[in-house]
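Structure first, commentary second.
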């Protein structure tokens, strides 16, 4: 018995040690260093003295930076909401698609992942800019409309003015939704696919309409997937920095852009570290909330 | 063989040095410079850290042909990126290309190796004014000029009234609203505002900074974008009609678009140099000196200049260039305007922090 137990422990160690070592060396240790930096101050251009000061946190909690935090949270929340509204019907459509089409539809959702984010963002710039494909298309439609108006004897529409689609907050949210949509669709698909379809049929047979079935049966059963989707969309969107940097206008800075500037241009690593950790605490809070909600659910006896 | 730089361990075990040791362990495992000191000669390799589109097409192959040394070039996008990479210990670069303001910072931070001028005979090709007029590196002990540049306004001739030869159109007017882009770099942006407000680029006065911030906050609704050194792309694609940019960047797109021109505003502007320097802990310092000397060969300098179109301080190379380069007012703006331009000094960490905070407030406002 004892030797068997020992053997099992050895097996456990042999399989668990490499990943644990990986996490410690490449995740926890660097994170600990950054955490220590957040309690330090610059003493020269390249040296940081870890003096245990809270000054960086005090500075990070000034209204200026809190305002940027709030704005980032708002943009990330809006992105998540839009992803949910767009992603839910998409996931539902994939679930109800014919068996042989499903892998292909899932592939289409995942396809953008195979291209680098930077390249996809530059592609979006080419689409959205003043002389971009979106405005070319709109101009063509405008001209056709103008032609139709003259055809029926009305005044033409006049000169086409290109829409300002780039370098504003609209472009940032558009870009974030575009990038994060797969994060929402995939967990939703997994949750919806698991639902026993006979429950929906029963609901429809018993006289509930399609909408009522959707909101009373499908949504509650898919709730864990919805919550997972919300979290894995919200968390990266909150830390987004490339998208606001490249697509945003003069007022589109998000907190990650401020953090980046501390590490580069401002050469103020302690302050950047403090801001990073505040962002991380915000993320922890969201995940803790999810854990709390999940626990509440199972305590009610409605555990899923 | 991996050697962690000795400077991580030189002081006794204070908290700071332990932490720096940890930092070296975490960051430096694969990056710590390896030094094959036991070898008689250096291996024929060179790691060159340069800006994008900033070297001639044939330069590196012809250096390899001439010396047998293989060049591995990696690219950085901003001086801040360069500094951030080097401040934790040289990850193995032999030759770097820092801007003049950062040369001063890096000398202060003890990150640069002094250059042995006797091993760079081609220094004689450099125009003497660049050897003497370099407040960021007196005597040019640590850096040699690769290119020089001046920030001005690139503009679309058909969309602008006359020549926009004042910073007013960028900082203090709604005439071209929604058609302006300015640099995102806090130091460049605010310190050129100082110039417009009648001060010097090297004024470290908080009063002037506040005035500049108030002016830009008022101007912000008319600004289309704060760009990261790609103002020329915004101008070329028609997104804006006026872009605050470097002369060389605008000269590059003027070869593609006749409707673009460039002016250094009458209030004066900021001069910069991009330089060649050897960072401390370079694994191949001898090869680095050979490379720097090679760059200052007249033909090599001319080949680089033909590609990148930035003004070259290499007088022997400029002499080999065609007349339309030598007389190009974009590349060589008129002398009376140039006399009003200044090199920026490094104004210290406290003022850098104030500049950065002003920028964050401006972007958030």
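Chains as they are written, first to last, in the numbering used here: chain Y, -6 to 297; chain E, 159 to 523. C-beta atoms are modelled at their ideal positions from N, C-alpha and C, and glycine is treated no differently. Source: prediction; values computed, not measured.
In the DSSP assignment, what are the bridge partners of residue i?
i	result
residue 209(E)	234(E)
residue 338(E)	381(E), 400(E)
residue 302(E)	434(E)
residue 257(E)	432(E)
residue 581(E)	Since the first residue shown for chain E is 159 and the last is 523, residue 581(E) is missing from the structure and cannot be characterised.
residue 500(E)	428(E)
residue 386(E)	According to DSSP, residue 386(E) bridges with nothing at all.
residue 313(E)	400(E), 419(E)
residue 35(Y)	41(Y)
residue 472(E)	284(E)
Looking at chain E, is there any beta carbon in it that lies within less than 8 Å of the beta carbon of residue i?
i	result
residue 61(Y)	yes
residue 113(Y)	no
residue 50(Y)	no
residue 124(Y)	yes
residue 121(Y)	no
residue 13(Y)	no
residue 186(Y)	no
residue 280(Y)	no
residue 54(Y)	no
residue 21(Y)	no
residue 57(Y)	yes
Could you confirm whether any beta carbon from chain A is found closer than 8 Å to the beta carbon of residue i?
i	result
residue 316(E)	Note that chain A does not occur in the displayed structure, where the protein chains are Y and E.
Can you confirm whether residue i, when its beta carbon is compared against all beta carbons of chain Y, has any partner nearer than 8 Å?
i	result
residue 511(E)	yes
residue 331(E)	no
residue 491(E)	no
residue 310(E)	no
residue 424(E)	no
residue 180(E)	Residue confidence is low: residue 180(E) scores 41 on pLDDT, short of 50, so the model does not pin down where it sits. No coordinate-derived value is stated.
residue 518(E)	yes
residue 370(E)	no
residue 263(E)	yes
residue 189(E)	Confidence in residue 189(E) is poor, its pLDDT being 38 and thus under 50, which makes the residue's placement unreliable; the coordinate value appears in the next sentence. Taking Cβ atoms only, chain Y never reaches closer than 8 Å to residue 189(E), which makes this a no.
residue 514(E)	yes
residue 502(E)	no
residue 382(E)	yes
residue 266(E)	yes
residue 184(E)	Residue confidence for residue 184(E) is low, a pLDDT of 39 falling below 50, so the modelled location carries little weight and cannot support an answer.
residue 210(E)	no
residue 193(E)	Confidence in residue 193(E) is poor, its pLDDT being 39 and thus under 50, which makes the residue's placement too unreliable to answer from.
residue 344(E)	yes
residue 349(E)	no
residue 335(E)	no
residue 484(E)	no
Less than 8 Å between the CB atoms is what I'm expecting for residue i and residue j, so what's the real figure, rounded?
i	j	result
residue 435(E)	residue 229(E)	Wrong, their Cβ atoms sit about 16 Å apart, outside the cutoff.
residue 263(Y)	residue 49(Y)	5 Å
residue 309(E)	residue 346(E)	6 Å
residue 259(Y)	residue 30(Y)	The pair is not a contact, with the Cβ atoms about 14 Å apart (cut-off 8 Å).
residue 489(E)	residue 426(E)	Wrong, their Cβ atoms sit about 18 Å apart, outside the cutoff.
residue 430(E)	residue 257(E)	5 Å
residue 318(E)	residue 399(E)	6 Å
residue 254(E)	residue 437(E)	5 Å
residue 271(E)	residue 443(E)	6 Å
residue 215(Y)	residue 195(Y)	About 17 Å separates the two Cβ atoms, so there is no contact after all.
Quick check: does the Cβ of residue i come within less than 7 Å of any heavy atom belonging to the ligand GTP?
i	result
residue 5(Y)	The ligand GTP is not part of this structure, which contains no ligands at all.
Evaluate the contact criterion for the segment 65 to 76 of chain Y versus the segment 165 to 179 of chain Y: three or more CB pairs, one atom per stretch, below 8 Å. yes
Report the residues of the segment 230 to 256 of chain Y with a CB closer than 9 Å to any CB of chain E, ordered along the chain. 238, 239, 241, 242, 243, 244, 245, 246, 250, 251, 254, 255, 256
Chain-ordered residues of the segment 28 to 40 of chain Y with a beta carbon less than 9 Å from chain E: 29, 30, 33, 35, 36, 37, 38, 39, 40
With a threshold of 8 Å, are at least 3 pairs of Cβ atoms found where one atom belongs to the segment 228 to 239 of chain Y and the other to the segment 162 to 171 of chain Y? With contact defined as three or more Cβ pairs closer than 8 Å, the segment 228 to 239 of chain Y and the segment 162 to 171 of chain Y are in contact.
According to a CB-to-CB cut-off of less than 9 Å, which residues of the segment 225 to 252 of chain E neighbour chain Y? 236, 237, 238, 239, 241, 242, 244, 245, 246
Name the residues in the segment 388 to 400 of chain E whose C-beta lies less than 8 Å from a C-beta of chain Y; which are they? 395, 396, 397
Pair every Cβ in the segment 299 to 308 of chain E with every Cβ in the segment 399 to 408 of chain E, then say whether three or more of these pairs are closer than 8 Å. yes
For the 8 Å Cβ check, are there 3 or more pairs between the segment 328 to 343 of chain E and the segment 377 to 392 of chain E? Taking a cut-off of 8 Å for Cβ pairs, the segment 328 to 343 of chain E and the segment 377 to 392 of chain E touch, as three or more such pairs fall below it.
Going along the segment 256 to 271 of chain Y in order, which residues come within less than 9 Å of chain E, judged by CB to CB distance? 256, 257, 258, 259, 260, 261, 262, 264
If you pair each beta-carbon of the segment 201 to 220 of chain E with each one of the segment 441 to 454 of chain E, do three or more pairs fall below 8 Å? yes
Within 8 Å, do at least three Cβ pairs link the segment 269 to 287 of chain Y to the segment 78 to 98 of chain Y? no
Touching or not, the segment 514 to 523 of chain E and the segment 238 to 256 of chain Y, by the rule of three or more beta carbon pairs under 8 Å? yes
Which residues, taken in chain order from the segment 143 to 165 of chain Y, show a beta carbon closer than 8 Å to some beta carbon of chain E? Contacts with chain E (Cβ-Cβ distance below 8 Å) from the segment 143 to 165 of chain Y involve 157, 159, 160, listed in chain order.
Taking contact to mean 3 or more Cβ pairs, one atom from each stretch, closer than 8 Å, check whether the segment 198 to 209 of chain Y and the segment 149 to 165 of chain Y are in contact. no
I want to know whether the segment 321 to 335 of chain E touches the segment 353 to 365 of chain E - three or more CB-CB distances under 8 Å. A contact is defined here as three or more CB-CB pairs under 8 Å, and the segment 321 to 335 of chain E meets this definition with respect to the segment 353 to 365 of chain E.
Using 8 Å as the cut-off, can you tell me whether the segment 18 to 30 of chain Y makes contact with the segment 186 to 200 of chain Y, which would need three or more C-beta pairs spanning the two stretches below that distance? no
Could you check whether the segment 363 to 375 of chain E touches the segment 289 to 300 of chain E, counting it as contact only if at least three pairs of C-beta atoms, one from each stretch, sit closer than 8 Å? no
At a Cβ cut of 7 Å, what residues of the segment 291 to 302 of chain E count as close to chain Y, listed as they run along the chain? Look at the segment 291 to 302 of chain E: it has no residue with a C-beta under 7 Å from a C-beta of chain Y.
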